[in-house]
Amino acid sequence: MEEKRNGEPKTAQETTGNTDTAPETVREKEGQTDKQSGGSLFEGIYDRLPDISVKSVDRFIVLCVIAFIAVILIGVLKANHVF
Amino acid sequence: MQKTFNLKKFISNNAIIILIILLALLTGLTTKNFFKLNNFKNLVVNVSPRFIIACGVSGCLITKGTDLSAGRAVGLAACLSAMLLQSLDYSARMLPWMPDIPWPVALVIVVVIMGCFGGINGVVVSSLKVPPFIATLGMQTIIYGLCSLITNNQPMGGYKSSYLKVASGSLGPIPYLMIFAVVVGVYFWFLYNKTRHGKYMYAIGGNESAAQVAGVNVKASLIRIYVLAGCMYALAGFLVGAKAGGASTATGNGYELEAIAACTIGGVSANGGVGRVGGILIGVLVFEILKICLQFLGVDPAYTYIAQGLVIVIAVALDLRKYLQKK
């Protein structure tokens, strides 16, 4: 019984040992896939960004559009010597 | 089931195109000669080599890479074409011993040379696992150095008339440059949509590990993509040289950023795995129409650069928006 009891923790340790190696195996595989990917700087670029809402991106796009229109207006007005 | 027309979605998907159409309409209404055949021909002639470059770069972008050596490769190709196709009676011939060769032969030589440079990029990216940004950045500088060496930093001219006709000639009303661009466009559409190579390319861009597990030879595919890109830069450089009537180390400078920006505007996602030839054409057209409109409106070129930069930012933001909505 004690042997068995002794055996059980061993088995548990073995199991624990095995589970310790399983994440390592997963980590190794992930490392391999990282190597396979070539490590592009742009790879998963959107995934690396902090949590951004669609609304904030919309506001940013609207700002850029306004800036685009402003640049063209200023360019046209300067070309016509308005200021 | 009837699909309801979502105006907000339509505007967000086509914001840049709508802006440029409005700008073109404004320019056409306020200036003379904008909506004329000559201006359209000018647009087509400017768009054609840029579209060819963008097609070359698109494969790299779809596989989550990039190719910053595109512009300098175009410049080197233009200089090599110049060296091979200078007139026999030109006093400042770079290669006085070079016999008179037909322009198609010179084109093949230039394509092979630039294809080799593309192959080096492909091997460095796929086998040595160097990030494409770094690999092609290094290649960009190397190519510029080589170009400076072979040209002795001297501008070149004195081309044969047959070479100049490639850019200035036309088949009826259709410029030869447009024919080249159409052939390249059709080829790339077929390659991306109807061949195994195209499927592999999108698979690698979508998920490289999954593609590898599914049996795609990722290394070979990437090498093919970069070799093809190199060949396209060669063709574009050959045409740019013919169009300009001269070449120098400055030829092609900055073309890669325009090409990458055009691809982004045309829907080639920065996240990889997405991109269509039609979208690439639209992206190139957007850029060129923007330039031409601002030229016609008499706007200082500095404002054109700012406007182009804003267009690029808007394109990337719209791409991010699509990604976040899917998420």
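Each protein sequence line maps, in turn, to chains A and Z.
Throughout the first sequence, residue numbering follows the numbering used here, covering 1 to 83 in sequence.
Throughout the second sequence, residue numbering follows the numbering used here, covering 84 to 410 in sequence.
C-beta atoms are modelled at their ideal positions from N, C-alpha and C, and glycine is treated no differently.
Original post:
Are the C-beta of G39/A and some C-beta of chain Z separated by less than 8 Å?
Top reply: Here G39/A scores only 45 on pLDDT, less than 50, and its place in the model should not be relied on; the value that follows carries that caveat. Answer yes: the Cβ-Cβ gap between G39/A and chain Z drops below 8 Å somewhere.
Original post:
So is Y386/Z in contact with chain A if we call contact Cβ pairs under 8 Å?
Top reply: yes
Original post:
Less than 8 Å separating the beta-carbons of I196/Z and L163/Z?
Top reply: yes
Subject >> chain Z contact for V82/A (CB, 8 Å cutoff) >> reply: no
**OP:** Flag G381/Z as yes if its beta-carbon sits less than 8 Å from any beta-carbon of chain A, otherwise no.
**Re:** yes
Subject >> Exposure of I184/Z, with buried meaning 16 or more beta-carbon neighbours within 10 Å >> reply: exposed
Original post:
What is the DSSP secondary structure of M239/Z, reduced to helix, strand or coil?
Top reply: strand
Original post:
When you compare each of F93/Z, A175/Z, D402/Z and N122/Z to G358/Z by their alpha carbons, which one comes out closest?
Top reply: D402/Z
**OP:** Label C199/Z either buried or exposed according to how many other C-beta atoms from any shown protein chain fall within 10 Å of its C-beta, with 16 as the threshold for buried.
**Re:** exposed
Original post:
How would you write the range of the alpha helix (DSSP H) that D454/Z sits in, first residue to last?
Top reply: In the structure as shown, chain Z starts at 84 and stops at 410, and residue 454/Z therefore has no counterpart that could be examined.
Original post:
Roughly how many angstroms lie between the CA atoms of S244/Z and K302/Z, to the nearest whole one?
Top reply: 42 Å
Original post:
Who are S253/Z's beta bridge partners in DSSP?
Top reply: P258/Z
Subject >> Distance, L168/Z Cα to W186/Z Cα >> reply: 7 Å
Original post:
What residue range is occupied by the uninterrupted alpha helix (DSSP H) comprising L109/Z?
Top reply: A98 to T113
**OP:** Report back the beta-carbon spacing between I343/Z and V140/Z to the nearest angstrom; my notes put them in contact at under 8 Å.
**Re:** 6 Å
Subject >> V71/A beta carbon less than 8 Å from that of Y386/Z >> reply: yes
**OP:** Would you give the residue range spanned by the alpha helix (DSSP H) that T234/Z belongs to?
**Re:** P215 to T234
**OP:** Could you check how far apart the C-beta atoms of A165/Z and G324/Z are, in whole angstroms? I think they sit under 8 Å.
**Re:** 6 Å
Original post:
Going along chain A, which residues have a C-beta under 7 Å from V396/Z?
Top reply: C64
**OP:** Taking the CB atoms as reference points, tell me whether A398/Z and I348/Z lie closer together than 8 Å.
**Re:** yes
Subject >> Unbroken stretches of the alpha helix (DSSP H), 4 residues or longer, contained in the region 277–355 of chain Z >> reply: 279–289, 291–296, 301–327 and 338–348
**OP:** With M197/Z as the anchor, note down where its alpha helix (DSSP H) starts and where it stops.
**Re:** W186 to S209
**OP:** In the DSSP assignment, find the unbroken alpha helix (DSSP H) run with M177/Z in it and report its ends.
**Re:** From DSSP, M177/Z is part of no alpha helix (DSSP H); its letter is neither H nor E.
Original post:
For G158/Z, does the three-state DSSP call read helix, strand or coil?
Top reply: helix
Original post:
Residue range of the alpha helix (DSSP H) that R59/A falls in?
Top reply: V54 to A79
Subject >> Beta-carbon contacts of L373/Z that lie in its chain and below 8 Å, excluding the five residues immediately before and after >> reply: I103, L106, T387, A390, Q391 and V394
Original post:
Under the DSSP definition of a beta bridge, which residues are partnered with Q169/Z?
Top reply: Y242/Z
Original post:
V367/Z by DSSP, collapsed to three states: which one?
Top reply: helix
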